Amino acid sequence: MKSEVSVGKGCGWIRVSQEPGSNGTLVYLNRATTVNDVARDLLLPHGHTIWLQYGGDEPRPLRASEKPLQLQDDFLERIGYTDQSRRARLGIDPDLRYLISFNTGPRWTGRSGEVWLLKGLVLPQWKKKIITLSAGLMIIQSLEGGDWGKEAVLVEAVGTGDGPRGGRSVLKVTSQGHRSLYLGFDLPWQQRLWHSWLKQESGRREGDLSSKGLEAVPRGLGRLNSLDLSANRITSWDALEDLEGLQSITLASNHLTAVPQQLWSLQETLVTLDLSHNSLREIPRVDMPKLEELKLDGNLLESLPEGNFKALKLLSATDNRIASLPPFLVRQPMRALTLLDANEGEERVKPEDLKSINLRANLLKGNIILGNYGNLTQLDVSENSIECLDLTALDKLQSVQCSKNKLQDLSLNGTSLTSLIAGNNCLTKLSIYPKPTKLKHLDISYNRLETLPDWLGSCQHLRTLFASHNLLTSLPDHLFCSELSCLQTLQLSFNSLKSLPQVIRHIPLQQLFLQSNMLKELPEHFFLATARLRILNLSKNQLGELPTAIGDGHQLERLYLTCNQLTDIHILTKFTNLRVLHVAYNLITQLPNLCVGSWPDMEELVLSGNRIDRLPGNIAQWQHLRVLRLHCNILLACPSLAPSTSLKVLDLSHNNLDKVDLMSLVPKQLQFLDLSGNTRLQVDPRQFQDYKSMRKVSLVDVSGQNRDSLPAGPNDPKPDQEPSNSPWVLGFSETPGNREKLCISQLRLTNFCNTEALLGLFDSGNNTELPQILAQSIPRILLEERTVKETANEYMKYTLLAAHRELKEKGQRVGVCAMVCHICSERGPGIRKRTLRIATVGEAKAVLYRGDSTLTLAHVPTQVTRSQIGNSAMFPLVVPDPHVTELTLKDCDEMIIMANKRLWEVVSPEDAVAEVRSISDPVLSAKRLQDLAQSYGCEDNLSVMVVRLGGQSHQDQLLRELNYTIQESFRHPVIGCQMHATENTCWCQGDRSSPSGQSDQASCGRTSSRENYGHYFTDKEIMERHSYPSVLMRENGTRKMCSKLAHQDAHLADCDESLSDRSGHLSDEQFRCWEYMLEQNTQMLFDKELDTLSRGVARRPARPQMWPRAKSSPHLNSDPSFLSRAFGSTRSFQSGLTKFGSQSSRRSLHAGPNAAYFGSLQRLLPYTADYDFSIIKERSEVDSLETEDRMSKYWDVATTEL
């Protein structure tokens, strides 16, 4: 009889393993089953219990009363598995052990073991006990368990005793009150080991019992000065009353819902109390006259405790629900606006020594005026909703943090002020009196200031000033003067500055950021007065020329001038210390010949988007040059760069190169080379083959033709000759920045299941393997999740949750920010719509431009808990619960921008849309966003995808596709592409039928890190789209990639796949298939089949890939599927796919006598086409019946092969 795994309500399965990593034993239990019950049923030896481990984190022993199934169920629900049936079935999954595991083992760890203990006064007897040493404590437990942590001894001294007793080697342990305990050992080496352990633990006054799985506070702890009981599950607190003289206690992370009453027995002696990260809702009034530090972070408190805290110096209560300050913090006039004492007539004891208050991330709002506390030096009220903050009474206040509020008015006392962080507010003015002459750091960015404060001229010690993202139109004259003798960093980007004040004297500035303003010129003596300047960013301004007065010995090292109107940069040759120069998207026509000698330390040179037609011939003499970007210029030739010893990135795409000699062009250490978009490019194929024989090269043809060599001449077929049969077009761009590796993978399946788009972006931050695993597995997982009946409506969410489990042990310590976008068409009677679903985990973001508005579809979570796929060892601080957005695309939707968090840190969604809205080519859009982010100072990994929505009507697409197919019959065959993979190569893992009946091309992996190089050309600030043959070469196993029209490639663009040659000749049988299909396009025929397909998909059989065969075709009983990648739809005629009638792709047909002729109407009909049958004239009933009879032979084949 076939056994069946079943789950019921309140019941489920867990796996219990004897060794970590093994599959273990399945245990069926309910939510009320305890650890004791499981241990009994598994016949665990005495002293053993069940340990719980989250991810790869440190395991902890479970208490006898804890319930394993409930713990597992709560864990799965917490990470996002909200469906109970899914949680129940996950218990039998062996891979679940990588997220949560139950293992058996002894109750003790580390310095623990079974030891003989002499017990009794009248008749002493040796009894075996389990003894654990920890932070000066000796914890004693019986072999039976159950009393773990109830008895402990503070070790004062240890000796060897008076000799052996009862045949055992003895140790004498002296504890509090000179009480002596005798430990016996069977072997001398055991005595010596324990003697050394006890010697190290003796004499301590700080007890650390954190994360010991304690259920009760141990007895006999003696006179400890401090005790750490954090991260336990203590329910019995009686032993606290015995801790006389205890000064510091930590009870954090103990799941407390109320403060233990026994704690108040220590109120006269406690100096430090930590109750953080519990579930406390209130703390009763209490007097603690000696308490100096009170930590209440991460609870559910709505108000702060009242009482006698006259010695309090530090109060921290972040991440709570506090809506008002306690009365002892508020000035008398404000009492009517805040919470008052219950006893108004009683005199309130103020904590006069209070020095630090931290109330970050609470619910404070309205107007707040703090009282006069002479010793308060630090205040943090960030991430609240305060509108007005008055701190003028605090004359000793040194540091104030009040960012991310709703402040419109901020008043401070500047007597002692040294640091003010007030960004992300609504400030229109900033009042500080007296003048803050001691101020060193000021951050007022992201506000509404129109002018800088007048008192800045008095801040002689000011070192850093951040005032970006305001409404500044001018700067005070004193800002660039010698009075601010210490000012080193000035951040004024993203304002409306039209000019800078005149600079007369030398200023000490080292970093100046002025990007995204409206500057048309710089002061005449600007460079003379800023000789110490090392970083200058003037990107996104309106500069037409630069000052010519530049002194010798200028220290400028990094200069950013992207997106200006410069025509000449000869003056820059005077900056002899330059290492990084960005002058992309200007009007420059030539690179000065003197630049090579003038910039000996040049490391990164970006000249993209200009009008440069030639380069200096000695450019290879730069010994430190790593990055050279020259895409989107008009270069006719490129000098030899082979002698270069440091060049790793070379971008020559979208120029006018006509001939390239790889031997002289490419240096040995080059990793990324982009030659795409050069219309005249000619490369000798034999030369390229010789070059490939000398080093590892991975060649990517992004034109959609999958050629294995560079275009031999300008007469090669151009990509735009192929039909665009998708309603979306994709462009992408990636770069590792200044890092050695690109730790981001993209998933780009724009022809997923023939009619859908599946896109993804996976960013691990510092790991390259995990993003590749996710990009490889997501398509397969998504197809599987769409077949799960219980959660089919939430398949996007469960796809990412399954991917979290897919990482196994590799995802226990490393996390990934993931974003998956799925665009599909919803079809039915009278229904024509496209649905966009985006699921995100982490900080990647997607933006949809709809009409005149910008919609953020995936956003950074605002909760304290961090969201990532993987990093399971950090639970519960890190969870993978996805955020899913679903909407119906409209005709006014123009584009979707997807990018990792590094881009959104420097470019806002509105600015991103404004930059690329007028660019029709999404490749150019992605490249521009990448260039802009780098010009704003982003030096990390960048990854961008731009999806242009819209396109032709469905009928136009059908006609164009048919016309293209016919035209292809007159073309010569195009040579297929055999990809030459480097390390990290992954090949496609074979076909898998999707639930919709189409064969997806979910290829797996990526060959190397990649960077997109698209098409770009500027002419009077107008960008035009060009269709160029596009070829990118990858070298030395590193990754860089680009795409012309990525929707032509229905596979991962970074996957190396070998396909058969495509023939342009269309067979008579194929043409007659098309002709017959168009002639017989009647409403009855298609309505019948579409209805059948709709019902078939809705049923979603329990076993994926198994669909009911047609009843009229009993001969169709064999397993091989007729569908394949190459024979799936009209898209089979596109480049890179197998010839429709190719002998190399023919397989033995098991689908009836007419299958070869009328293989499948689903393959011949473009799935993007929706027909308006109201305009088609219906034929007579006889004709309809005749049509059904004539089509039945191959129609049944189609439904069968779904």
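Just so you know, the sequence shown maps onto residues 68 to 1269 in the working numbering.
We put the CB at the ideal spot given by N, CA and C, even for glycine.
Remember, predicted model here, so these are calculated numbers, not experimental data.
Looking from the CA of Leu-421, the closest CA among Ser-320, Gly-251, Ala-940, Leu-381 belongs to Leu-381. DSSP places Ile-840 within a helical segment (H, G or I) once states are collapsed to three. Annotated three-state conformation of Glu-369 is coil, per DSSP. Distance from the CA atom of Leu-702 to the CA atom of Gln-577, rounded to whole angstroms, is 36 angstroms. Counted as a single uninterrupted DSSP element, the beta strand (DSSP E) harbouring Ile-117 occupies residues 115–121. The C-alpha of Gly-280 is placed about 21 angstroms away from the C-alpha of Ser-315. In the structure shown, the three-state DSSP call for Ser-743 is coil.
By the beta-carbon neighbour count (other beta carbons within 10 angstroms, threshold 16), Met-730 is exposed.
Taking the CA atoms as reference points, Lys-968 sits about 5 angstroms from Glu-910.
Glu-857 is the residue among Thr-518, Glu-857, Val-883, Glu-861 whose C-alpha sits nearest the C-alpha of Ser-152.
Judged by their CB atoms, Pro-568 and Leu-610 are not nearer to each other than the 8 angstroms cut-off. Going by DSSP, Asn-103 is part of the alpha helix (DSSP H) stretching over 102–108. At the C-beta level, Asn-97 and Gly-77 come within 8 angstroms of one another.
In this structure, DSSP gives Leu-111 a state outside helix and strand, which the three-state scheme calls coil. A straight-line Cα-Cα distance of about 42 angstroms links Gly-676 and Glu-873. DSSP, reduced to helix, strand and coil, places Val-467 within a strand of the structure shown.
Contact between Phe-799 and Met-1012 holds, since their C-beta atoms are separated by about 5 angstroms, short of 8 angstroms. 8 angstroms or more divides the Cβ of Leu-1009 from the Cβ of Gly-832.
Scanning its chain for C-beta atoms nearer than 6 angstroms, with the 5 sequence neighbours on each side dropped, one finds around Ser-583 the residues Ser-560, Phe-561, Lys-607, in chain order. Exposure of Trp-256 is indicated by the presence of fewer than 16 other C-beta atoms within 10 angstroms of its C-beta.
Taking one beta carbon from each stretch, the stretch 463–482 and the stretch 440–452 have 3 or more pairs nearer than 8 angstroms; the two touch. Between Leu-260 and the set Gly-226, Arg-286, Gly-172, Asn-860, the nearest pair of CA atoms involves Gly-226. DSSP lists Ser-478 as the bridge partner or partners of Ser-498. With contacts defined as CB atoms closer than 8 angstroms, Leu-626 and Leu-648 qualify as a contacting pair.
Here Asp-718 is buried. Its C-beta has 16 or more other C-beta atoms within 10 Å.
Beta-bridge analysis with DSSP links Met-965 to Ala-913, Met-1012.
A residue is called buried once 16 or more other Cβ atoms fall within 10 Å of its Cβ, and Lys-134 is buried on that count. The stretch 563–598 is shown to contain whole alpha helix (DSSP H) runs of 4 or more residues at 593–596, in chain order. Cβ contact annotation for Gly-441 (same chain, cutoff 8 angstroms, sequence separation greater than five): Glu-419, Asp-462, Lys-463, in chain order. Between the alpha carbons of Val-94 and Ser-84 lies a gap of roughly 10 angstroms.
The Cβ atoms of Leu-623 and Leu-603 lie closer than 8 angstroms to each other. Here Ser-346 is exposed: its Cβ has fewer than 16 other Cβ atoms, across all protein chains shown, within 10 Å.
Excluding residues up to 5 positions away in sequence, nothing lies with its Cβ nearer than 6 angstroms to the Cβ of Ile-571 in the same chain.
Fewer than three beta-carbon pairs drawn from the stretch 842–850 and the stretch 981–999 are found closer than 8 angstroms, and the two stretches are therefore not classed as touching. Look at Cys-662 here: in three-state DSSP terms it is helix.
One alpha carbon belongs to Cys-493, the other to Thr-817, and they sit about 43 angstroms apart.
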